[in-house]
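For the sequence shown, full-length UniProt numbering begins at 1 and goes up steadily by one.
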Amino acid sequence: MTENLRRFARWLHLRWPAGTVEPLPEVGLDGSTAVPGLYVAGDLTGVPLLKFALDSGARVARTIANDPLMRARSNDASVPDLLVIGAGVSGLAAAAEAQALGLSYRVIEAAEPLATLIDFPRAKPIFTYPHGWQPAGAVQVGAKIKEALVDELRSQTEALGIVTTPGRVTRVSRDGDRMTAHMADGETVHARRVLVAIGRSGEFRPLESAPVSSGKVFHRLHDPNDHRGLDVLVVGGGDSALESAIALAECGARVTLSYRKQSFARPKRENLARLESLAREGRLQLALGSTVSEVRADEVVLKNRDGESTTIPNHVVFAMLGRAAPLEFFRRSGVPIAGEMTPRRWAAMGAFVLFCAWLYNWKSGGWFSELWYQRHWFPTNLPELLARAGGAITTAAADPGTLLGTLAISASGPSFWYTLAYSTVVTVFGIQRIQRRRTPYITAQTLTLIAVQVVPLFLLPEVILPLMDRHGWLPRTLADALFPVVTYGHGREFWRAYGLILAWPLNVYNIFTHEPLWAWIAIGGLQTLVLIPLGIYFFGKGVYCGWICSCGALAETLGDTHRHKMPHGPGWNRLNLAGQGILAIALALLVLRIVGWILPDGNAIDRVFDPVLKERYKWLVDVFLAGVVGYGVYFWYSGRFWCRFFCPLAALMHIYARFSRFAIVADKKKCISCNVCTSVCHQGIDVMSFANQGAPMQDPQCVRCSACVQSCPTGVLTFGQVRRDGSLISIDSLLASPVQMRERD
């Protein structure tokens with residue numbers, strides 16, 4: 001049994017990769033941070049591309065120049081308009097643009113201008129993606145080799161007269177209407193605005209191995225010729241590691257490349273092809289699936305996944321594992337780190353979870369709701385308040401056949417106000433999403449989500465159906481079949497209209513009834529067993545989750561700016577299977593409900609199903625997991641926490657999605673391994689691992705939100721389908737990333 005569950009879990013989801021996302025400072029689209037006046041540009045925005053570094057630096061300078069507060073400048077000439085920290089590509093582009101816009105500026109650099117480029121290996125190829133695209137600002141690039149690129153950038157900045165000041169800034173603070181940079185030597189530098197363009201200049205990532213011999217492990221390769229004829233170990237699986245191994249092998253070194261995984265996913269196609277060619281020629285040895293166990297004076301010990309050790313001769317080790325972002329600098333400066341939980345954030349999330357617990361208890365008929373009705377607090381006293389208003393208002397409110405009378409009845413219950421607030425939030429933040437994303441797909445998807453929330457889930461049950469029923473416009477047979485008369489009062493159960501959109505088992509209450517509601521059973525069966533599977537087959541799980549579901553509506557609108565907070569990694573991927581457990585519970589309850597219908601009235605199942613089983617399912621799944629947890633962690637762990645981990649309908653659709661033709665198709669040759677696609681995935685999918693390999697992304701978690709496609713800086717991704725013969729077709733008529741739209745223009 002356990003082995004079968006493991007196989008099912010692997011077949012369903014665990015076969016897919018589960019990459020992680022590097023923590024970076026939280027930066028807005030315009031480079032702004034949570035500290036007013038402090039901006040970030042370059043690699044730290046998440047896109048390690050030369051042209052994007054130039055573009056982001058220039059655009060931050062433009063943003064600052066267009067700030068109305070900058071027009072009211074002080075007379076203190078010693079305080080520059082802009083202080084640029086870091087004289088790399090992005091910082092120099094910002095300085096050049098500031099000069100062109102008439103801003104006074106100062107540039108501080110801890111090492112030397114363009115230090116990152118200068119530290120690249122000799123003759124390193126430079127990939128200036130996207131081809132044919134020109135970044136903003138005066139500084140441009142065209143060279144494709146390191147030395148020529150450095151000369152090109154130096155000549156441009158020298159021609160503009162840009163001068164840098166040596167120094168290391170340890171933190172930045174805001175003092176009134178100006179910023180202060182605190183230097184390592186204790187001095188301070190003031191400016192009206194500060195741009196941090198220091199790149200990923202944190203500490204080099206160390207080898208996770210036994211103690212390392214002093215003076216033998218390096219993190220930079222300056223000149224491969226220095227190691228001709230030596231035994232060299234290169235550790236890493238990214239472009240830097242591959243380029244170093246290639247350069248060393250071509251210069252006559254005896255190279256072994258160690259990488260912890262069994263295959264490469266991140267490197268550029270050109271690097272991987274050259275590496276494989278050298279390996280076939282015997283000029284380079286690949287040690288895939290290995291880690292460095294020990295570094296000795298004249299040898300190193302590698303260990304494979306089975307724990308077996310191999311000792312090889314060695315003179316020098318290059319640990320090309322990259323650098324960690326300078327997070328401490330940003331923490332000291334008060335800039336939040338994306339996804340990092342601080343005591344203040346834990347406290348805020350705890351307070352919001354408590355608020356959600358109160359809200360869903362009140363909305364779902366719990367203790368707080370009973371108290372509201374007992375005390376006759378607003379809105380339960382709304383009919384009486386309208387009756388006291390007098391005049392035409394009282395007359396109209398007293399007649400349930402009028403619009404005001406219908407509203408007076410509907411608005412006296414919590415569900416009216418909850419769905420009204422829900423619809424309002426989806427609409428307001430949906431419009432903002434359309435303005436922010438600006439693709440035809442986002443516009444069509446968001447407008448559909450707004451319409452589905454506002455009409456079927458609010459206007460229909462709260463206004464339209466009650467009004468139609470009171471005027472006799474709703475056929476009696478249809479009303480009795482879909483909206484039975486309330487057994488404990490007057491009126492009909494129009495809330496069951498939610499079932500027109502929320503399919504079983506997301507909404508179980510139209511099926512889990514004491515007497516079978518055959519119309520809803522037919523509708524639920526058609527939705528869950530026919531329409532949704534067909535839609536998923538052609539368009540993926542997102543045909544429902546991304547275009548129809550009300551949970552998805554809130555996630556894609558209010559949660560749009562919080563999608564990067566979804567946790568990633570193998571542990572979180574395993575938690576995805578929790579929804580399968582809830583689906584199993586829903587299926588077990590369905591079987592019990594059917595047996596209860598078959599047995600004579602008054603059977604044991606009938607006696608316990610509604611008061612015990614259904615009530616506990618309601619409070620555990622619908623109220624606690626979907627409501628309190630799902631929305632309580634919204635602003636800290638992304639808007640699709642419930643959708644990804646616990647939703648039983650999503651769990652069922654995962655199974656359907658394993659047979660879907662839908663995929664996100666990648667153009668591998670454009671992929672730069674920036675990981676932006678993975679970082680913005682609401683569902684925690686490691687999109688980059690598919691893009692690196694040029695493989696179609698068919699992870700069943702995908703909700704077709706288009707964030708990875710729209711955010712890709714090089715236009716790698718697009719929607720598509722996998723035909724039976726394995727060929728791919730594009731279905732992106734409504735979708736285009738900013739890069740793709742520029743290329744089409």
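Even for Gly, the Cβ is constructed at its ideal location relative to N, Cα and C.
Should residue i and residue j be called a contact, given that it needs their Cβ atoms to be closer than 8 angstroms?
| i | j | result |
| --- | --- | --- |
| R267 | G238 | For clarity, residue 267 is Pro in the given sequence; the question names Arg instead. Yes, the pair counts as a contact, with Cβ atoms nearer than the cut-off. |
| G491 | A555 | no |
| V543 | I536 | yes |
| V235 | V255 | no |
| V84 | A77 | no |
| residue 767 | L465 | There is no way to answer for residue 767, as the model of the chain reaches only from 1 to 745. |
| W518 | L482 | no |
| V89 | G161 | no |
| V416 | E370 | In the sequence as displayed, the identity of residue 416 is Phe instead of Val. Not in contact: F416 and E370 (Cβ atoms no closer than 8 angstroms). |
| I337 | R331 | yes |
| L589 | F512 | yes |
| A265 | M320 | no |
| W597 | G684 | no |
| A138 | D55 | no |
| S258 | S290 | yes |
| F429 | D560 | yes |
| A181 | T188 | yes |
| V21 | H562 | no |
| G86 | G199 | yes |
What whole-angstrom Cβ distance do residue i and residue j have, given they're in contact under 8 angstroms?
| i | j | result |
| --- | --- | --- |
| P224 | P313 | The Cβ separation is near 19 angstroms, so there is no contact. |
| G499 | G524 | 7 angstroms |
| R323 | F204 | 6 angstroms |
| residue 814 | V426 | Residue 814 falls outside the range modelled here, since the chain spans only 1 to 745, and no answer is possible. |
| L92 | L153 | 7 angstroms |
| L38 | M179 | 7 angstroms |
| S706 | G46 | Actually they do not touch by this definition, with Cβ atoms about 18 angstroms apart. |
| S333 | V107 | Their Cβ separation, rounded to whole angstroms, is 18 angstroms, which puts S333 and V107 out of contact at 8 angstroms. |
| L583 | L652 | 6 angstroms |
| L592 | L613 | 7 angstroms |
| L49 | C674 | 7 angstroms |
| T2 | G31 | Rounded, the Cβ-Cβ distance is 51 angstroms, inconsistent with contact. |
If you run the structure through DSSP and keep just helix, strand and coil, what is residue i?
| i | result |
| --- | --- |
| A191 | strand |
| A736 | For A736, the predicted structure reports a pLDDT of 47, less than 50, and the residue's modelled location is therefore unreliable. The matter cannot be settled from this model. |
| M566 | coil |
| N692 | helix |
| T170 | strand |
| K303 | strand |
| A287 | strand |
| T116 | helix |
| M653 | helix |
| L717 | strand |
| E243 | helix |
| H182 | strand |
| S293 | strand |
| R438 | coil |
| V235 | strand |
| V139 | coil |
| S309 | strand |
| T2 | helix |
| M341 | coil |
| T446 | helix |
| E26 | coil |
| P533 | helix |
| I162 | coil |
Using a threshold of 7 angstroms, is the CB atom of residue i nearer than that to any non-hydrogen atom of the ligand FMN?
| i | result |
| --- | --- |
| R260 | Ligands are entirely absent from the displayed structure, and the ligand FMN is therefore not among its contents. |
Answer yes if the stretch 215-230 comes into contact with the stretch 244-263, meaning at least three C-beta pairs across the two stretches below 8 angstroms, and no otherwise. Contact holds between the stretch 244-263 and the stretch 215-230, because three or more Cβ pairs, one in each stretch, are under 8 angstroms apart.
Count the CB pairs spanning the stretch 655-669 and the stretch 380-387 that are closer than 8 angstroms, and state whether there are at least three. As far as the Cβ criterion goes, the stretch 655-669 does not touch the stretch 380-387, which means the pair count is below three.
Counting only runs of 4+ residues fully inside the stretch 41-80, write out the alpha helix (DSSP H) ranges in chain order. DSSP assignment within the stretch 41-80 yields the following whole alpha helix (DSSP H) runs of 4 residues or more, N-terminal first: 50-65 and 68-71.
Does the pairing of the stretch 135-150 with the stretch 299-306 give three or more beta-carbon distances under 8 angstroms? Contact annotation: the stretch 135-150 does not touch the stretch 299-306, with fewer than three C-beta pairs closer than 8 angstroms.
Validate contact between the stretch 432-449 and the stretch 571-587 using beta carbons, cut 8 angstroms, 3 pairs: Touching, no, given that fewer than three Cβ pairs across the two stretches are closer than 8 angstroms.
Could you name each continuous alpha helix (DSSP H) segment of 4 residues or more that falls completely within the stretch 500-527, going from the start of the chain to the end? Counting only runs of 4 or more, we get 518-526.
Inter-stretch contact at 8 angstroms, needing at least 3 Cβ pairs: the stretch 714-723 / the stretch 654-663: Under the Cβ criterion (8 angstroms, minimum of three pairs), the stretch 714-723 counts as touching the stretch 654-663.
Length-filtered (4 minimum) alpha helix (DSSP H) runs lying within the stretch 367-422: The alpha helix (DSSP H) runs of length 4 or more contained entirely in the stretch 367-422 are, from start to end of the chain, 367-375, 382-389, 391-398 and 403-410.
Extract the residue ranges of the alpha helix (DSSP H) inside the stretch 456-485, only unbroken runs of 4 or more that lie entirely within it. Listed in chain order, the complete alpha helix (DSSP H) runs (minimum 4 residues) inside the stretch 456-485 are 465-470 and 476-482.
Could you pull out every unbroken alpha helix (DSSP H) segment of at least 4 residues lying fully inside the stretch 589-677, listed in chain order? The alpha helix (DSSP H) runs of length 4 or more contained entirely in the stretch 589-677 are, from start to end of the chain, 604-608, 634-637, 641-645 and 648-657.
In chain order, which beta strand (DSSP E) runs of at least 3 residues are fully inside the stretch 91-116? The qualifying runs are 105-109.
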